[in-house]
Amino acid sequence: PMLKELENYERMNLADALVPRTCTDGQAIIRQ
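Just so we're aligned: 22 in UniProt numbering is position 22 of the sequence shown, and the numbers increase by one with no gaps anywhere.
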């Protein structure tokens, strides 16, 4: 739902910026 309002090119730019990361057990993935 959060990305639904983005145009296709905006979603593609976001996807291109993503990189895989390995997290340890209990590590915060998202902070607000």
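Quick reminder that beta carbons are idealized off the backbone N, C-alpha and C, glycines included.
- Message: Just to confirm, is the Cβ distance from C23 to I30 under 8 Å?
- Response: Within the sequence shown, numbered from 1, the residue matching residue 23 stands at position 23. Within the sequence shown, numbered from 1, the residue matching residue 30 stands at position 30. Their beta carbons are not under 8 Å apart, which means C23 does not touch I30 by this criterion.
- Grouping DSSP H, G and I as helix and E and B as strand, with all else coil, what is E5? One-based indexing of the sequence shown puts residue 5 at position 5. E5: coil per DSSP, three-state reduction.
- Query: Is it true that the CB of R11 sits closer than 8 Å to the CB of L18?
  - Reply: Reading the sequence shown from its first residue, position 18 is the one you call residue 18. Reading the sequence shown from its first residue, position 11 is the one you call residue 11. Cβ atoms of L18 and R11: not closer than 8 Å.
- Query: CA-CA distance, Q27 and A15?
  - Reply: Residue 27 sits at position 27 when you count from the first residue of the sequence shown. Residue 15 sits at position 15 when you count from the first residue of the sequence shown. Spanning the two alpha carbons is a distance of roughly 23 Å.
- Query: Secondary structure at A15, three-state DSSP: helix, strand or coil?
  - Reply: As a first step, residue 15 is located in the sequence shown; it is residue number 15 there, counting from the start. Correct three-state label for A15: helix.
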